[in-house]
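The number in the numbering used here is simply the position in the sequence shown, starting from 1, with 172 added.
To keep things clear, I will list the structure first and then write my remarks on it.
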Amino acid sequence: MTDGIAVPRDQPASPVPSDSALVIRVRGLVTRFGSQTVHDHLDLDVHRGEVLGVVGGSGSGKSVLLRTIIGLNHAAAGTIEVLGQDTATLSAAQTTALQTRWGVLFQDGALFSAMTVSENVEVPLREHSGLPASLIEEIARVKIGMVGLPGSAATKLPSELSGGMRKRAGLARALAMDPEILFLDEPTAGLDPIGAAGFDQLIQDLQSSLGLTVFMVTHDLDSLAAICDRIAVLTDKRVTVGTLEELRRLDHPWIRAYFHGVRAQERTWAGGSGAGGLAADDLAAAAQPA
């Protein structure tokens, strides 16, 4: 972190973790919609405490993979273990208990439009915590502040917020139950470069301070360089995982086009001039809600 701005992480080769260091373990995953196979015997490990970026071409199944891991899509075959539990073998009560151990930020926040920001953040607490209403309201205020929103945002409806503020409000709700895993679906989509940089910084700060494991679907090259420890690339219905530098050395046509294309070459981490991004001085306001 430099001058309040998320900076690219060092990318050493990752050591092979023990099974106890895995928070998500996917083996032989097959997902289908009708006759269309999206994932075909896909394997993936997510390590405790890492930020994993998930990228791929349009239709490659990035969001489908996220939604399948959290149980919103049905897997045609394979196993998914989250926090050591096989999700296919759990009872309804066990599934609910496991779901309280992760938080999800969907695209654009997915807030309830008729509820205030505070009421949105309170939803999982009211459903699962059993805490008194006064304490739930206090926790919601803390979470709203934690994501960089002003206290005045608590009483606003989603329609009264900017796109960046809606995302932060959705993030506050995702953090309401103090999760161990944070799932993010295109968190910087639709944000301007300053807003996106500020959101990257927020995720990096939260991951560091709370010890979160972050599973982030994104198409944002700058986010990948700034906050991701490893990157999972969905191609050919399977996944290739490595650090940014490891993936840039691969010869796969799509991976090479993605990490060596014109937009990538504009980034300073790719050896370019940085013309595709903003100078550090221009990002001084990045810590402010967009």
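Glycine included, every Cβ here is placed at the ideal spot set by N, Cα and C.
Using a Cβ-Cβ cutoff of less than 8 Å, which residues in the same chain neighbour residue i once the five nearest sequence positions on both sides are dropped?
i    : result
A429 : none
I403 : L224, G225, V226, V227, L396, V413, G414, T415, L416, L419
L422 : T412, G414, R428
H300 : T268, T272, M349
Could you tell me the alpha carbon to alpha carbon distance between residue i and residue j, rounded to whole angstroms?
i    : j    : result
R338 : T288 : 11 Å
V223 : F387 : 6 Å
K315 : R345 : 8 Å
S290 : A326 : 5 Å
G449 : A341 : Here the model assigns G449 a pLDDT of 45, short of 50, so the residue's position is not dependable and the matter cannot be decided.
R220 : A193 : 5 Å
L244 : H211 : 15 Å
G302 : L343 : 21 Å
V195 : L238 : 14 Å
T407 : H213 : 12 Å
I311 : E332 : 22 Å
A361 : E309 : 30 Å
H432 : D392 : 14 Å
P351 : R273 : 5 Å
L329 : I353 : 27 Å
D217 : A305 : 39 Å
D280 : A286 : 16 Å
R197 : G317 : 33 Å
Where does residue i land, buried or exposed, given buried means 16+ other C-beta within 10 angstroms?
i    : result
R284 : This sequence places Phe at residue 284; Arg is not what is there. Flag for F284 reads exposed.
D364 : exposed
P184 : Its pLDDT being 40, under 50, P184 is placed unreliably by the model, and nothing is read from it.
E294 : buried
T259 : buried
Q208 : exposed
S232 : buried
A348 : buried
Go through its chain and collect everything with a Cβ distance to residue i's Cβ below 7 Å, but skip five positions before and after it.
i    : result
V276 : I242, A346, F355
G229 : W426
G383 : G221
S235 : D357, V389
G256 : none
R298 : I308
V405 : V227, G228, V411, T412, L419, I427
S381 : none
R199 : D215, G250, T251
In the DSSP output, which residue or residues are listed as bridge partners for residue i?
i    : result
D392 : None; D392 has no bridge partner.
G275 : L354
F431 : DSSP output for F431 lists no bridge partner at all.
T412 : V405
A385 : Sequence inspection shows Thr at residue 385; the Ala mentioned does not correspond to that position. Note: T385 sits in a beta bridge opposite I353.
A249 : V202
R197 : D217, E253
H211 : T203
L297 : According to DSSP, which records beta bridges pairwise, L297 is partnered with nothing at all.
L224 : F387, R402
Please go through the same chain and pick out, in chain order, the residues whose beta-carbon is closer than 6 Å to the beta-carbon of residue i, but skip the five residues on each side of it.
i    : result
T240 : T203, A247
N292 : L283, F284, R345
| field | Cβ contact check for the stretch 314-328 and the stretch 190-206: 3 or more pairs under 8 Å | value | no
| said: Whether or not the stretch 258-278 and the stretch 216-234 are in contact is what I'm after, with contact meaning three or more pairs of Cβ atoms, one per stretch, closer than 8 Å; do they touch? | reply: no
| query | Using 8 Å as the threshold, is the stretch 393-401 in touch with the stretch 369-377, meaning 3 or more CB pairs across them? | reply | yes
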